[in-house]
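Please read the structure below before turning to the comments.
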Amino acid sequence: MENKTECRKCHRDISDCEARVVCRGDCAGMFHSKCVGLEKEILDAIAESENVVWMCEPCVDWFRAFREVVIKMLHVQQSNGQAQSK
Ligand SMILES: [Zn+2]
Ligand SMILES: [Zn+2]
Numbered sequence: 001m002e003n004k005t006e007c008r009k010c011h012r013d014i015s016d017c018e019a020r021v022v023c024r025g026d027c028a029g030m031f032h033s034k035c036v037g038l039e040k041e042i043l044d045a046i047a048e049s050e051n052v053v054w055m056c057e058p059c060v061d062w063f064r065a066f067r068e069v070v071i072k073m074l075h076v077q078q079s080n081g082q083a084q085s086k
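Here it is, written out as structure tokens:
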């Protein structure tokens with residue numbers, strides 16, 4: 001069974017004493033917090049609030065692109081709806 005605690009950035013194991021952060025995006029990867037430049041304050045904020053999520057860069061890029069597609073789709077639907085209701 002695979003139980004990987006390998007940092008996706010540096011590809012080294014994350015030991016228990018090291019601060020880590022889990023991507024809440026599609027990859028769900030684990031990272032050393034120092035590898036992704038997160039300060040302790042930010043880590044605390046992520047741990048303390050369910051509203052604060054962290055995503056790695058590829059996932060953020062993907063999420064942004066996805067969001068734009070959805071927004072465009074919604075706009076198309078809205079304008080179609082307006083045209084039909086006339
Ligand atoms: Zn690392
Ligand atoms: Zn990710």
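Position one of the sequence shown corresponds to residue 1 (UniProt numbering), numbered consecutively onward. Ideal Cβ placement from N, Cα and C applies to all residues, glycine included.
beta-carbon residue i near ligand 3 non-hydrogen atom, thresh 7 Å
i	result
Cys56	With respect to small molecules bound, the structure shown includes ligand 1 and ligand 2 and not ligand 3.
Reduced DSSP secondary structure (H/G/I, E/B, other) of residue i
i	result
His11	coil
Val60	helix
Arg24	coil
Val39	Residue identity check: residue 39 is Glu in the sequence provided, not Val. Note: Glu39 maps to coil in three-state DSSP.
Met55	coil
Glu6	strand
Cβ-based burial, residue i [other Cβ within 10 Å; buried from 16]
i	result
Phe66	exposed
His32	buried
Met73	exposed
Ile71	exposed
Cys56	buried
Val69	exposed
Cys7	buried
Cys10	exposed
Cys23	buried
Around ligand 1, which residues pass a check of Cβ closer than 5 Å to any of its heavy atoms? Cys7, Lys9, Cys10, His32, Cys35
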